[in-house]
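Quick notes on the structure that follows.
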């Protein structure tokens, strides 16, 4: 009897400990970044370009570049991902070919991001001759987050009750109009959540943009999608590895990390808020 | 069964994969009548109902043999568009399934998307359909409210109104009251009585009394076979087949 309670308590303690460790690790990481970085955050830091070999000035071009790249990636992957997911769940005859496509999508999700970077370099930069620019980077990041968006959309579509589809089809509404007017609106919260999580991932990746879009330093802001940009993750990499005046660049480096982390956390938080408000509104 | 038939089912077999759900069904449905399909669970009555407006198309692996003739055409002819069939043969489901939209938009959904009604007369159409479904007085002031806020019985009448807005010839009902309380059920039964003046109604029901109360003709199914099809009065008082009598009197099923 006692032994059983002991086992139970031991088990509960272990799972609680695991959860606690997780929170501790996250908290520790955030605290470390905050303590080292908060002094760097000033209005100038957020609005000025880097100056004097990156020992002074700010990271405005990098923030802007990350914004461009992320928005570009979403413009590429959202239509493509949602369309693919609609095909996979709503139209395609479920069979061997669909299974193979699904396995392909899952494999894509497991490919290391540096491989995407090299693919982007080989295909967009060199073969299609886009050069290292926003377009190449956005396309590469777009492919990177495609599996996330397809997966999220598929889950969201499957969660729409079959009775909605039946009700619409039974009224003599075509399949496409049913999907557009009934299925997609109902699946929207799920699609949005998944997509925003994908955006968070795109904003934080370094390897895919290293060879396809990111510049060490640009004198002026990009004028078109065929210009190179600075980006937050790559800027951190540069500050951490290529600086000659480490004492002066280190605070700026942590400041940049802080900005990036809060950007990604903020995006994820936004996804959670959207999901919970839309969930509260919907009942079926 | 001479008279005025609207749907003729000729030698229909139906398969889910290798399972034969309906065997050699032939029957004619009469115009402006209420026909009840009864029988124990799994006897194929719902399958037959959904086959009449090609809702079984949604099930992969399903296969139909034979003919279902509606307005002179076999609706399983490859040239026939199932979407056109469903515009004329509407359906009400077991569980009320309004869209998560306003009451108004639930009614106008079909006509708008199927391009049946002009936008000018949508308001009229909504009133007319809701009146036909005897729901107008209850919802006329809350048309912009979400249909999800209505009670189960109201939702089901809304679904009937939604089907009527397409001005179909035939209305298929798949156990439309099985998820409702007795008062809502009574309302829907009255409604069916009223609707048969303008529509042909085919209804699947598990409730014997309901079939006896509201239908003109009754078909009894058992294990995918049509056992007996006759005037409701005859089926419930003096059936020709012993199996029918056993089922109706509650000896099995």
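Residue numbers (this note's numbering), protein chains in the order written: chain V, 123 to 406; chain H, -5 to 247. Heads up, the beta-carbon is just placed ideally off N, CA and C, and yes, glycines get one too. Given the structure is predicted, the values throughout are model-derived calculations rather than measurements.
### Task
Could you tell me the boundaries of the alpha helix (DSSP H) in which residue 265/H lies?
This structure does not reach residue 265/H, given that chain H is present from -5 up to 247, and the question cannot be answered.
### Message
Checking the sheet assignment: what are the DSSP bridge partners for residue 172/V?
### Response
179/V
### Query
If we ignore side chains and look at the alpha-carbon of each, how far apart do residue -4/H and residue 101/H end up?
Low local confidence applies: a pLDDT of 47 at residue -4/H is under 50, so the model's placement there is unreliable, and no value is given.
### Query
Along the chain, where does the beta strand (DSSP E) that runs through residue 61/H open and close?
56 to 64
### Query
When the cut-off is 8 Å and only beta carbons count, does residue 292/V lie next to chain H?
yes
### Query
Where does residue 224/H fall in DSSP's three states?
strand
### Task
Under 8 Å by Cβ, that's how I've got residue 211/H and residue 24/H pegged, so tell me the actual separation to the nearest angstrom.
6 Å
### Query
Alpha carbon to alpha carbon, what distance is there between residue 297/V and residue 203/V?
20 Å
### Query
Is there a Cβ from chain H that is less than 8 Å from the Cβ of residue 299/V?
yes
### Opening and closing residue of the beta strand (DSSP E) in which residue 24/H lies
13 to 24
### Task
Using only alpha-carbon positions, find the residue among 177/H, 56/H, 57/H, 79/H that is nearest to residue 66/H.
79/H
### Task
Say whether chain H places a C-beta atom closer than 8 Å to the C-beta of residue 211/V.
no
### Query
Do three or more CB pairs link the segment 359 to 367 of chain V to the segment 175 to 190 of chain V at distances below 8 Å?
yes
### Query
Is it the case that the Cβ atoms of residue 107/H and residue 299/V are separated by a distance below 8 Å?
yes
### Message
Run through chain H and tell me which residues come within less than 7 Å of residue 304/V, C-beta to C-beta.
### Response
93
### Query
DSSP state of residue 208/H, grouped into three classes?
helix
### Query
Can you name the residues of chain V whose CB is closer than 7 Å to the CB of residue 39/H?
Chain V residues near residue 39/H: none, gap ~17 Å exceeds 7 Å.
### Query
Shorter than 8 Å from the beta carbon of residue 157/H to some beta carbon of chain V?
yes
### Query
Quick one: is residue 286/V near chain H, going by C-beta distance under 8 Å?
yes
### Members of the segment 322 to 343 of chain V that neighbour chain H once the beta carbon cut-off is set at 8 Å
none
### Query
Under a three-way DSSP split, which group does residue 267/V fall into?
helix
### Query
In whole angstroms, what separates the C-alpha of residue 245/H from that of residue 222/H?
17 Å
### Task
For residue 214/V, return the contacting residues in chain H, with the cut-off set at a CB-CB distance below 7 Å.
Under the 7 Å cutoff, chain H gives no residues; its nearest Cβ is about 11 Å from residue 214/V.
### Buried versus exposed, by CB contacts within 10 Å (16 or more), residue 187/H
exposed
#### Entry: Beta-carbon gap between residue 355/V and residue 242/V smaller than 8 Å
no
### Query
Are three or more beta carbon pairs between the segment 266 to 285 of chain V and the segment 309 to 325 of chain V nearer than 8 Å?
yes
### Under 8 Å from the C-beta of residue 54/H: neighbouring residues of chain V
215, 216
### Message
At the level of alpha carbons, what is the spacing between residue 184/V and residue 85/H?
### Response
58 Å
### Message
One question on the structure: do residue 109/H and residue 156/H come within less than 8 Å of each other, judged by their Cβ atoms?
### Response
no
#### Entry: chain V contact for residue 67/H (CB, 8 Å cutoff)
no
### Message
Please state whether the Cβ-Cβ distance between residue 31/H and residue 196/H is less than 8 Å.
### Response
yes
### Query
Does the pairing of the segment 231 to 249 of chain V with the segment 343 to 363 of chain V give three or more beta-carbon distances under 8 Å?
no
### Task
Mind reading off the beta-carbon distance from residue 199/H to residue 239/H? Whole number of angstroms is fine, and I expect it under 8 Å.
The Cβ separation is near 18 Å, so there is no contact.
### Query
So with Cβ pairs under 8 Å, would you call residue 173/H a contact of chain V?
no
### Task
Flag this pair as yes or no: are the beta carbons of residue 162/V and residue 377/V separated by less than 8 Å?
yes
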